[in-house]
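One structure below.
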Amino acid sequence: MTVLGKLSLSAIPLDQPIPIITSMVLLLVMFGTLALATIKGWWPYLWREWMTTVDHKRIGILYGLLGALMLLRGFADAIMMRTQQAASVGGGTGYLPPEHYNQIFSAHGTIMILFGAMPLVLAFMNFLVPLQLGVRDVAFPTFNAVGFWLTASGALLVNVSLFVGEFARTGWLPYPPLSETGYSPGVGVDYYLWAVQISGIGTLIGGINILTTVLKMRCPGMSYLRMPMFCWTAMASSLLIVAAFPILSATLAMLTLDRYVGWHYFTAEAGGNPMMFVNLVWAWGHPEVYILVLPCFGIFSEIFPTFSGKPLFGYRSMVAATLFICVVSMMVWLHHFFTMGAGGAVNAFFGISSSIIAVGTGVKIYNWIFTMYGGRVRFEVPMLWSMGFIVTFILGGLTGVLLAIPPADFITHNSMFLVAHFHNVIVGGVVFAIFAGLEFWFPKVFGYRLHAGWGKAAFWLAFIGFWVTFTPLYVLGLMGMTRRLQHVDFPEWQPWLLISMAGVAILLAGVICQITQLVVSYHQREALRDTTGDPWDGRSLEWSTTSPPPSFNFAVLPRVESQEAYWRSKQEALAASQAGDAPELEPFEMPRNSAVGFFTAFFAFTFGFAMIWHIWWLAIAALIAAFAGFVIFAWRDTGEFEVSAETIASAEHQRQLARRALMEPKA
Amino acid sequence: MSGVQFPASHEAADRLRNRPDLRAKDPVPALPGTGQGETGPADKRILVSYGFWIYLLSDIVLFSAFFAAFAVQHGASAGGPRMPQIVDVGRAALETGLLLASSYTCMLSFAATHRKNLLWTQIFLAVTGLLGLAFVLLEAQEFFDLAARGITPQRSGMLTAFFGLVGLHGLHVSLGGLWLGTMMAQVQVKGFTTQIVHRLTCFNLFWHTLDIVWIGIFTIVYLMGGAS
Ligand code: HEM
Ligand SMILES: [Cu+2]
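Here you go:
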């Protein structure tokens, strides 16, 4: 063994043009950004305000940024896959070597779910939960930062695999024995293992934090049944995180032990049990889908009432449905392997319980529709995404129920039909929600609205592009095309593959509109400024502060007397046409910035990288350094500082101004 | 039966008569600082122990996965040694005794913390640490003995699951020991600041949880596994 373990120059795929060109571009962008920041002298600012921040809103923004970047990266993979398959029909070979294609679909799935969707969902939870609960902070601000930075270092590891070594070729769930050393001797699976393990711990931290926040940190008067729907779903999602992510950690640890020290949890020989991996990984994997989608339901539950000018229909049944889904989703994992010989009775049980989840989801969809019914519906951009979601999700749900019927699953299992189904729910449910939420809360986060025209264009292109991309996949699935094909033997499938590729082009146009929207809005930010703090006529407490909110959210904690707290107080104020008296201000403490998150991530990344390449000394050094860091951090005396009276007063003054702006009749 | 008194019900009835706000149908007024919604956010002490408790639940889920693996694989000896041949119940019982005792001293240290007694806190923490250390050493001895007989996790699925589960617990105890050492140093240097008392609370919860998990391991792996 050398000092650098298995790492050598040959790990860099100099002979393969695509990863090399991509990584060159990435490196250029990265170093360009770093150089720019250095020249412009931004580092002190970045360090003080972002890298060491413990403000839940900023951490939310960081999660959002990370998720958005990774979503783009995953989309680039998707473009490659769709073009490759369309080009490799019959005699064609396409442009990707088979083992590279396998890395791409593995990276695509892993990145989209764990580093794209997951951080984006956590972004909303982090930003919104304390604001909606009317409190100043999350339960564990510093710890929360650690969670984010761990997720980020996992994401960094995945992206490093692009140009140092390789990524797994096993799909986004590395089933053994394929992922065991015998069949995957390279570092690809190790990249997967360490990246997902590290970010999984980060997610667990995030979940514990949000759960404690919702259960123990509500403002005076905010009883459970007055909480906004989003908080309920964030809580349910965090519960699932706490229950499911340790299973993932355990499973990955077992596979790691198999690979690194020759143990036999999942090997095909010596009493290992590959089926155990499948059970364990889906005991996490299925809840994971609901971890992603429940907060998205929460987002829609905030948007429908706001843009219908009505309270959410059936609030209590929504709460019940959320908790019901939360519980049942832990019990249906086996429907992911009906075809693996569990027997009729077991399959029937899991088939029926899976379909029962649809009841909970159905309740929600009816409630959203009834919320619009009789309301004064405004078709703003967030509402478009939400309505697009209902259409898409219903179809995805229906095909899901179809897949939950074991005999039908035997036909569609592992086919493109399945790929179409889960993209139907995950794009329709999660991605649409993310964009809906982005449009909706953007003014709250940054203080100005997004340009509506570009937003509408982005929505329509994405909506149409989505259907053009995935409807052909349903057809192909029924024609018998299986998933993960690097080469397609049947020329009669090509037309469908070409249509699907065209759909991706439309999606790409949508993505471009989305980016344009951000740029245009930034340039017109003065015109789009939100002076009222309440640009959409909102109903929950986050709209009662200024946009963007002060770092401590509320100068005075609100006191809640009903559901839809802000809506009620706003109506009363409007009726009396006065903004209310200035409240009494009292000093309070806020947590200090802390570098601990950033350093934890640094050591975690170093440790992971060292383990992947078997650089043992570096791994040990990273562990020791991490422990030293822990001790030093624990030695710090006070983590808090008192906010000055002037700051509080000026924030309150700003809020009063915003309130008054709101009272004025629109010009 | 005339002489029989019902002090509890009498008192309860009196209480209700005098304090109508305690009647069952009215909610009992929430205590400030407990985070019950009516009262605003909980105070730091409650937050910390609550959050840590949730973390411990997740740790228990982690252990359950390893327990499940053991349950699946405890028969998968692949022609090698089987469970009864590898467990030494005597030693495991001794380990159990040590760990239970350490939990007890840990609790005593906490009682001393509550009375702000630095010396006894430190003494009991030290005893806890030594008992934990003895536990870890015994376990290490067990592993080395087995390895000397050629019984390693690489041998079979069953042994993998055995070493994995027991080893994970041992790892937790060792990390707990590191934490304990850091805590003792902190207590010595800084005394009982609020933060440190919070951390001691968490440490106590952690240590007791490891005890509970060990009881599960002792029962399922050593007693039941050893008998089958
Ligand atoms: C935006 C357009 C997207 C396109 C065109 C697309 C395309 C594809 C294709 C073609 C596959 C199948 C690979 C194969 O079986 O050979 C796939 C797999 C997958 N996609 Fe997507 N995808 C998109 C978005 C997403 C999103 C947003 C997510 C999740 C948030 C996602 C998650 C996954 C997962 C988990 C797999 C399974 C990977 C595997 O087979 O192991 N995709 N995608
Ligand atoms: Cu599922």
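As they're listed, the protein sequences go chains U and H.
Read in order, the letters of the first sequence are residues -7 to 659 in this note's numbering.
Read in order, the letters of the second sequence are residues 7 to 234 in this note's numbering.
Every residue, glycine too, gets a C-beta built ideally from N, C-alpha and C.
Small disclaimer: the values here were computed from a predicted structure and weren't measured.
DSSP, read as helix, strand or coil, puts serine 176 of chain U in coil. Neighbours of lysine 49 of chain U in chain H, taken as residues whose beta carbon is under 7 Å from its own, are absent, since the nearest beta carbon is some 17 Å off. If you check the C-beta of histidine 278 of chain U against ligand 2, you find a heavy atom less than 8 Å away. Looking at the backbone, the Cα of alanine 233 of chain H and that of proline 90 of chain H are separated by about 6 Å.
For the pair of segments examined, the segment 266 to 274 of chain U was found not to touch the segment 405 to 421 of chain U: the number of CB pairs separated by less than 8 Å stays below three. Between ligand 2 and serine 347 of chain U, a heavy atom-to-CB distance of less than 8 Å is absent.
Of the candidates H:Ala99, H:Leu186, H:Ala167 and H:Met164, the residue whose Cα lies closest to the Cα of phenylalanine 130 of chain H is H:Leu186.
If you draw a straight line from the Cα of alanine 396 of chain U to the Cα of glycine 343 of chain U, it is about 5 Å long. At least one heavy atom of ligand 2 sits closer than 8 Å to the Cβ of tryptophan 274 of chain U. Comparing alpha-carbon positions, the option among U:Met209, U:Ala29 and U:Met104 lying closest to leucine 53 of chain H turns out to be U:Met209.
By the Cβ neighbour-count rule, alanine 340 of chain U is exposed, with fewer than 16 other Cβ atoms within 10 Å of its own.
Non-local C-beta neighbours of histidine 479 of chain U in its own chain, meaning closer than 6 Å and more than five positions away in sequence, comprise Ser80, ordered along the chain. Residues of the same chain with a CB within less than 8 Å of the CB of glycine 621 of chain U, apart from the 5 flanking positions on each side, are Val588, Phe591, Thr592 and Phe595 in chain order. Residue contact with chain H for asparagine 265 of chain U: present (Cβ-Cβ distance below 9 Å to some residue of chain H). Excluding sequence positions up to five before and after valine 234 of chain U, its CB lies within less than 8 Å of the CB of Leu196, Gly199, Ile200 and Leu203, all in the same chain and listed in chain order. The three-state reading of DSSP puts methionine 582 of chain U in strand, counting E and B together. Listed in chain order, the beta strand (DSSP E) elements of length 3 or more contained wholly in the segment 58 to 118 of chain U amount to none. Residue range 632 to 634 is occupied by the beta strand (DSSP E) that includes glutamate 632 of chain U, with no alpha helix (DSSP H) assigned at that position. Looking at U:Ser230, U:Tyr466 and U:Trp186, the one whose alpha-carbon comes closest to that of leucine 207 of chain U is U:Ser230. Within 8 Å of the C-beta of histidine 327 of chain U there is at least one heavy atom belonging to ligand 2. Counting along the chain, threonine 119 of chain H sits inside the alpha helix (DSSP H) bounded by residues 95 to 120. Remark: the shortest separation between the CB of valine 281 of chain U and any heavy atom of ligand 2 falls under 8 Å. Under DSSP, no beta-bridge partner is assigned to valine 460 of chain U.
Setting aside the 5 residues that flank it on each side, threonine 538 of chain U is surrounded in the same chain by Gly525, Gln646, Arg647 and Ala650, each with a C-beta closer than 7 Å to its C-beta; the list follows chain order.
Judged by their CB atoms, histidine 214 of chain H and serine 55 of chain H are not nearer to each other than the 9 Å cut-off.
For arginine 210 of chain U, the three-state secondary structure derived from DSSP is coil. Residues of chain H with a Cβ closer than 7 Å to the Cβ of alanine 262 of chain U are, in chain order, Ala84, Ser162 and Gly163. In this structure, the C-beta of valine 219 of chain H stays at least 8 Å away from each heavy atom of ligand 2. Around valine 67 of chain H, the beta-carbon contacts reaching into chain U at under 7 Å are Ala235, Pro238 and Ile239.
The residue among H:Trp59, H:Val93, H:Gly43 and H:Tyr61 with its C-alpha nearest the C-alpha of aspartate 151 of chain H is H:Val93. For the segment 91 to 113 of chain H, the set of residues with a beta-carbon nearer than 9 Å to any beta-carbon of chain U is empty.
Beta-bridge annotation (DSSP): serine 407 of chain U is paired with U:Thr474. Closest option to isoleucine 507 of chain U, judged by alpha-carbon separation, among U:Val150, U:Ser536 and U:Trp446: U:Trp446. Tyrosine 55 of chain U carries a helical assignment under DSSP once its states are collapsed to helix, strand and coil. Counting C-beta atoms within 10 angstroms of its own C-beta, histidine 443 of chain U has 16 or more neighbours from the protein chains shown and is therefore classed as buried.
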